[in-house]
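Worksheet: one structure, shown below.
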Amino acid sequence: MAKPRIIIVGAGPSGTRAAEACVAAGIRPIVIDEGRRDGGQIYRRQPDNFTRPYEKLYGTEAGRAKALHETFDGLKGAIDYRPETLVWNIAAGQLWTASGTVQEAIPFDALLLCTGATDRLMPVKGWNLAGAYSLGGSQVALKSQAVSIGHKVLFMGSGPLLYLVASQYVEAGADVAAVLDTSPFSARLKALPDLLAMPSVLWNGVALTRTLKRAGVTVQHGVTPVEIMGDVESGVDGVRFRTASGREETIACDAVAMGYHLRPETQLADLARCAFAFDPGTRQWLPERDGDGRASVAGVYLAGDGAKILGARSAEASGRLAALAALVDLGLSVDKGEMASLRGDVANYAKFARGLAKAFPWPVEQAAKLPDDAILCRCEGVTAGDLRVVMRETGAKEANRAKAFSRVGMGRCQGRYCGLAAAELIAAEAGVPVEQVGRLRGQAPVKPLTIAIGEE
Amino acid sequence: MGPSMNGASDVIIVGGGLMGSSAALFLRGHGLSVTLLETDLIGRQASGTNFGNVRRQGRGFHQLPLANRAIAIWRKSRELLGADVEYLQSGHIRVCYRERPELVGAMEEYADKARLEGLDLELLSGNALRDKFPFFGPDVLAGSYSPTDGHANPRLAAPAFARAAQKLGAVVHENTKIIDAQKLGEDFIVTAADGRTFRAPILLVTAGAWGNALSSQFGEPVPIVPRGPNMSVTEPVPYAIHPAVGVMTPLEEETVYFRQVARGNIVLGGSTRGPSFPDQYRAYVEPQNTLSQLKHIRRLAPQLGKLNIIRVWSGIEGYLPDSQPVMGPSATTSGLYYAFGFSGSGFQIGPGVGETMAEIIAKGATDIPMAPYDIARFAQA
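So the sequence lines, in the order shown, correspond to chains P and L. Taking the numbering used here, I'd label the letters of the first sequence as residues 6 to 461. Taking the numbering used here, I'd label the letters of the second sequence as residues 701 to 1081.
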């Protein structure tokens, strides 16, 4: 009998560990990744001709990054690795890929989606100006190209990545204007019992804050962003915000990095027709899965931050666990004791993730209060006011309906960046719980696809 | 009054697409009370997911009077609806390829006959064609240009008609799935899945791919097949392509079309249609159909190969074997009317269908030729 064909999408922490488990079981998986090199976002590898040391690139996570990269390098002869390849659709047991204009349809017996995450963004007036980046984007600039997004960079939003990227900028010698956290400091104290599930990670977080303090960077908690200031010609020139005590202040800068923790990249699970459920803790719709990563569709497995944001360490464990589950389902023998132990690890990471969600809450009220003249959907240039007018005129209260009438979420990102905030705005405007607003239906292609695809 | 009595009106319309919504609006114009029942949301399937061609060119000659009636409504849609459905009279061009020179003769013949029905077409070939439309590829031989056709936004059209009807007093119930319809005495009793009932002496079925479920209840099954359009859209680029463009060819796979909206996105459609699933209210774009569409688009307009598509979509359309809709009165039941099964080409004529059905119901007659659409053509001998 031919060996089963396993396809892993994503070569970050979960994809790498999944591939490792498949190879150990004697299977040569196909590993498809959009990136030019493995490592994913968090352990993104620098271009070949760059030689910065691991400690400089990954700080406290240098050891993990190195171990993961070495594992992947060691697997290269034993896997069918396809970098710079986009999976643009899934249908009838086949993945449809594009690499440049080369198109391929690849059948699979098991599909492991290790698709990772992007920033969760909360629109603010002026976030469409040149010089406004996501935290992830600002980190990519630094990690991949060793450049800063500006001369004087302000970090705004919430979540662990806010402190991590700000301190990475400080250590790289950049001028950090301030770190503005929308979460009140008290939230962090309330979250401590859950955060203690992973004391070493908690300690790393404390160390980041110390780095910022030592560098003399202003860190403010409980702020409310008002506006990213500047103009279309010259881009960002400052940030206006309200302090925790309600005073309005302005800080000059020429670039802003913003983000509110992360959101999973679930479009492929959607195209694979997996069932989704609303997760009240994160206020996001997530693909359903069992404790080992099995999706509602037979043969599809979900792991890492692409399924739910539990962090890079959890991604390594859940990637391996999902691969073991796939191997079991394909009739291969695996170590059941290891699976039980991995389940325990993931449960502990989940507790820590709950703590993070409490410590750095998603400021939903900002979406509700977004001023009418602020851009909500950057791809299509739709303002909050445009959406409110459409809702009043058409009675649309559901995400896809509001999209059809207003174009919010209809552009090239398909709502990946504005969809969560738009749902909160719709919920507030309609006076319904956000889960009633529903979720945007994903459509192929997952990312823009060239019309020249398949050209000879 | 009990809940079973709250649905009494002069006319019940089952199916809230463009046909049902526009019929509701025009029936109000005749002073009849209307209840419009939609199983999901207004205009979500065929009416909302089609290409958006407001095209008379290429229709059968018997359909041109209806199409002419419709174009008059599209032209005044902004005033009529109090909403912008992005109707643009920017022209439509149908082209043929060098390997089928015989189609030039067919285009000329069509133009001669269409002129008699009030549709003026201009035939262009060679340099004249490429001077005017430089985006065409070298395979394109000739084209037939209709300056008075154009396009509109399907996502906006049917809901705008339904809202206009509502403003004039029509009652619209969305999320109302009809599971039974029968005539008791003088009235039709229409029952929803949740038990609500609606009553009226006249019933108009505009239920698209679902129409057969109701016509069968009255002894008039039709061989309708659900399919889904194959649609894509590019990222926005500067507005440069004014007419909607389509290919004249006997092969379905080669039949592609595109139009650019004023915002800049180019909507691509055609090549092989996909399956659709009326019971699930979903239609999926098959990846191989996307690829076939893009291949034929590159042949038609090679420069488009430099762009990306950002989204694909489909919807549920009902196709009849002769590609003509079922439209007009029932052959078995008085007071029962149909307008469904538009076979992938109902968008342009939609408002004309609504106005004509309202006229037939309110006045008992119309000048529009209706014989080709008679449901009796499917009656088993």
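Each residue gets a CB set at the ideal place from its N, CA and C atoms; glycine is no exception.
Check                                                                                                                                                                                : Outcome
What's the call for P/Thr399, buried or exposed, on a 16-neighbour Cβ count within 10 Å?                                                                                             : buried
Taking the alpha-carbon positions, what's the P/Ala70 to P/Gly98 distance?                                                                                                           : 33 angstroms
Write down the C-beta distance between P/Gln46 and P/Gly121 rounded to the nearest angstrom, noting that I regard them as a contact closer than 8 angstroms.                         : 6 angstroms
Report the three-state DSSP secondary structure of P/Tyr354 (helix, strand or coil).                                                                                                 : helix
Spell out whether any CB of chain P is found under 8 angstroms from the CB atom of L/Ile1049.                                                                                        : no
Are there any heavy atoms of the ligand FAD lying less than 7 angstroms away from the beta-carbon of P/Gly164, as far as the coordinates show?                                       : With respect to the ligand FAD, the structure offers nothing, as it holds no ligand at all.
Do L/Gly1028 and L/Gly715 count as a contact pair if the criterion is CB distance below 8 angstroms?                                                                                 : no
DSSP state of P/Gly162, grouped into three classes?                                                                                                                                  : strand
Mind listing, in chain order, the continuous beta strand (DSSP E) runs of no fewer than 3 residues lying wholly within the segment 876-930 of chain L?                               : 878-884, 887-892, 897-900, 902-905 and 925-928
Give the secondary structure of P/Ala409 by DSSP, where H, G and I count as helix, E and B as strand, and everything else as coil.                                                   : helix
Please compile the residues from chain L whose C-beta is within a distance smaller than 7 angstroms of the C-beta of P/Leu454.                                                       : Asn1008 and Ile1009
What residues in its chain sit with their C-beta under 7 angstroms from that of P/Gly3, if we drop five residues either side in the sequence?                                        : For chain P, the structure presents residues 6 to 461; residue 3 of chain P sits outside this window and is missing.
Is it right to say L/Gly805 is buried, meaning 16 or more other beta carbons lie within 10 angstroms of its own, or is it exposed?                                                   : exposed
On the premise that L/Leu829 lies in contact with L/Ala811, defined as a C-beta separation below 8 angstroms, what is that separation, rounded to the nearest angstrom?              : L/Ala811 to L/Leu829, Cβ: 15 angstroms. No contact.
By Cβ distance below 6 angstroms, which residues in the same chain neighbour L/Gly702 in space, the five residues on each side in sequence not counted?                              : With a pLDDT of 34 at L/Gly702, under the threshold of 50, the modelled position of that residue is not reliable, and the figure given next carries that caveat. No residues qualify anywhere along the chain.
Locate the alpha helix (DSSP H) running through P/Asn209, then write down its first and last residues.                                                                               : Pro204 to Arg219
Return the chain-ordered list of same chain residues with a C-beta closer than 7 angstroms to the C-beta of L/Arg755, the five sequence neighbours on each side being excluded.      : His792, Asp849, Ala944 and Gln1048
Report the rounded CA-to-CA distance for L/Gly919 versus P/Asn405, giving the unit in angstroms.                                                                                     : 37 angstroms
Please report the Cβ distance between L/Ala724 and L/Ala913, rounded to the nearest whole angstrom; I am assuming they are in contact, meaning their Cβ atoms lie under 8 angstroms. : Actually they do not touch by this definition, with Cβ atoms about 21 angstroms apart.
Taking P/Ala24 and P/Val36 to be in contact with their CB atoms under 8 angstroms, please state how far apart those CB atoms are, rounded to whole angstroms.                        : 5 angstroms
Curious, which full-length alpha helix (DSSP H) runs of at least 4 residues does the segment 326-376 of chain P contain?                                                             : 341-364 and 369-373
Verify whether the separation of the beta carbon atoms of L/Met931 and L/Val967 is less than 8 angstroms.                                                                            : yes
Just how far apart, CA to CA, sit P/Ala151 and L/Arg963?                                                                                                                             : 37 angstroms
Which residues in chain P sit within 9 angstroms of L/Ile997, going by Cβ to Cβ distance?                                                                                            : Ile456
Does P/Pro450 have its Cβ less than 8 angstroms from a Cβ in chain L?                                                                                                                : yes
Determine the chain L residues that contact P/Gln272 at a beta-carbon separation under 8 angstroms, and present them in chain order.                                                 : Ordered by position in chain L, no residue passes the 8 angstroms Cβ test against P/Gln272, which lies about 11 angstroms from the chain.
For chain L, find out if any of its Cβ atoms is closer than 8 angstroms to the Cβ of P/Gly416; answer yes or no.                                                                     : yes
Does chain L have any CB closer than 8 angstroms to the CB of P/Thr399?                                                                                                              : yes
Please list, in chain order, the chain L residues whose beta carbon lies closer than 7 angstroms to that of P/Trp101.                                                                : Pro987
Run through chain L and tell me which residues come within less than 7 angstroms of P/Gly443, C-beta to C-beta.                                                                      : What P/Gly443 touches in chain L: nothing, since even the nearest Cβ is about 12 angstroms away.
Would you mind giving the Cβ-Cβ distance between L/Glu935 and P/Arg417, rounded to the nearest angstrom? I have them listed as a contact below 8 angstroms.                          : 5 angstroms
So, is P/Val244 buried or exposed, given that buried needs 16 or more other C-beta atoms within 10 angstroms?                                                                        : buried
By the three-class DSSP mapping on this structure, what secondary structure does L/His942 have?                                                                                      : coil
Taking the alpha carbon of P/Ala202 as the point to measure from, which residue in P/Asp114, P/Gly221 and P/Arg318 has its own alpha carbon closest?                                 : P/Arg318
Sort out for me which residues DSSP pairs P/Asp236 with in a bridge.                                                                                                                 : P/Gly240
Going straight from the alpha carbon of L/Arg1103 to that of L/Ser976, what length do you get?                                                                                       : Any property of residue 1103 of chain L remains undetermined from this structure, which presents chain L solely from 701 to 1081.
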